[in-house]
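Below: one structure, written as structure tokens.
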Amino acid sequence: VREGDRLILKVPRVITARRPWGPGAQEENPNYLNAEMFINRFYDPANAVLGDRISGFIFEQEYHRKKDRIEVDQLASEVDEFFKAVPGDRRYHLELRTESYLKEPVFEVLRNHHVGQVLSHWTWLPRLLKQFAMAGHKFTNPDHCIVRLLTPLGMRHEESYARAFPFDKMVDGMLQPEMISETVSLMKTAIDEGTDMSVIVSNRAGGNAPLIAREIAVRFGK
């Protein structure tokens, strides 16, 4: 890591996933939102090595099918208890991939703990500006917001990977124009609000991440 570099770390799924996936996966993850595990096995070691070079920790919760969903109030309570139990830190960001969880009880918890709402352009989520509107057109962490451009909306990970591979060019018809325009809109809102914004771009969002980033920069400059 070079001087001046800043990193955003993704918290391991063993802590963030309610229901693990893969061979031998259990029905429920016994370490889901395990504050002690997060502190001792990830947060403290990461800070010991990287310190203030870490600009964010992303807690990504997997998509929940209808049969696996819980009540929003229950999720809000679980998230609240977790962030009460871990060290106070304004670098936390929560990514929820289930649209029905993007409700006020959860946003209230995020605001209370200064935890950012990750705005994610991903398969089963609504458009970026709709996600932002669901939180009242406000950043839940006024210091920092993370935007992740991962896949075209409505396209599964496997298909987006297959279409984008080998990631050396833009793929015709894959990039969704509103992803660019809405990202730029959010960037300008962040500037107006005095909020730092990090935009993370995946090759799977259109074929080649650097070219997507360039398109965002060009649109932003107009």
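Just so we're aligned, residue 1028 is where the sequence shown starts under our numbering, counting upward by one.
We put the beta carbon where it would ideally sit given N, CA and C, even for glycine.
Source: prediction; values computed, not measured.
Excluding sequence positions up to five away, which residues of its chain have a Cβ less than 7 Å from the Cβ of residue i?
{"i": "V1142", "result": "F1110, Y1119, H1120, L1121, T1167, N1168"}
{"i": "V1145", "result": "I1085, H1120, L1121, E1122, I1173, R1175"}
{"i": "E1242", "result": "I1207"}
{"i": "M1182", "result": "T1150"}
{"i": "R1033", "result": "R1080, S1082"}
{"i": "R1190", "result": "V1198, M1201"}
Please say whether residue j and residue i have beta carbons closer to each other than 8 Å?
{"i": "L1213", "j": "F1247", "result": "no"}
{"i": "G1124", "j": "S1147", "result": "Reading off the sequence shown, one finds Arg at residue 1124, where the question assumed Gly. Cβ atoms of R1124 and S1147: closer than 8 Å."}
{"i": "L1180", "j": "R1154", "result": "yes"}
{"i": "M1197", "j": "G1163", "result": "no"}
{"i": "A1232", "j": "L1156", "result": "no"}
{"i": "A1075", "j": "A1112", "result": "no"}
{"i": "A1236", "j": "V1245", "result": "no"}
By how many angstroms is the C-alpha of residue j removed from the C-alpha of residue i?
{"i": "I1173", "j": "N1230", "result": "17 Å"}
{"i": "R1040", "j": "A1073", "result": "16 Å"}
{"i": "E1105", "j": "P1114", "result": "16 Å"}
{"i": "H1171", "j": "N1139", "result": "15 Å"}
{"i": "E1185", "j": "L1202", "result": "16 Å"}
{"i": "L1036", "j": "D1199", "result": "31 Å"}
{"i": "G1078", "j": "M1224", "result": "20 Å"}
{"i": "Y1059", "j": "K1094", "result": "18 Å"}
{"i": "K1215", "j": "A1240", "result": "16 Å"}
{"i": "E1030", "j": "E1205", "result": "35 Å"}
{"i": "E1209", "j": "V1226", "result": "12 Å"}
{"i": "E1108", "j": "S1187", "result": "36 Å"}
{"i": "S1127", "j": "V1211", "result": "25 Å"}
{"i": "R1092", "j": "M1161", "result": "20 Å"}
{"i": "K1249", "j": "P1193", "result": "30 Å"}
So, for residue i: in the same chain, excluding its five sequence neighbours on each side, which residues have a beta-carbon less than 8 Å away from its beta-carbon?
{"i": "Y1090", "result": "R1124, T1125, T1150, W1151"}
{"i": "N1056", "result": "V1041, A1044, R1045, R1046, P1047"}
{"i": "E1135", "result": "A1103"}
{"i": "A1217", "result": "F1166, C1172, D1223, M1224"}
{"i": "L1238", "result": "K1196, M1197"}
{"i": "V1038", "result": "F1065, F1069, F1084, I1085, F1086, E1087"}
{"i": "E1054", "result": "R1046"}
Tell me where the alpha helix (DSSP H) around residue i begins and ends.
{"i": "Q1158", "result": "1155 to 1161"}
{"i": "Y1188", "result": "1184 to 1191"}
{"i": "E1089", "result": "Segment: none, E1089 is in no alpha helix (DSSP H) and carries neither H nor E."}
{"i": "I1239", "result": "1236 to 1248"}
Leaving out five residues on either side along the sequence, give the residues of the same chain with a beta carbon under 6 Å from the beta carbon of residue i.
{"i": "P1132", "result": "V1099, D1100, A1103"}
{"i": "E1220", "result": "none"}
{"i": "K1130", "result": "V1099"}
In the DSSP assignment, find the beta strand (DSSP E) that holds residue i and state where it starts and stops.
{"i": "D1223", "result": "1223 to 1228"}
{"i": "E1131", "result": "E1131 -> not in any beta strand (DSSP E); alpha helix (DSSP H) instead, spanning 1131 to 1140."}
{"i": "V1174", "result": "1171 to 1176"}
{"i": "E1122", "result": "1119 to 1123"}
{"i": "K1037", "result": "1034 to 1037"}
8 Å is my cut-off, CB to CB: does residue i come that close to chain D?
{"i": "K1249", "result": "The displayed structure is made up of one protein chain only, and chain D is not part of it."}
Check: Any contact of the segment 1062 to 1069 with the segment 1093 to 1101, i.e. 3+ C-beta pairs under 8 Å?
Finding: They do not touch, by the three-pair rule.
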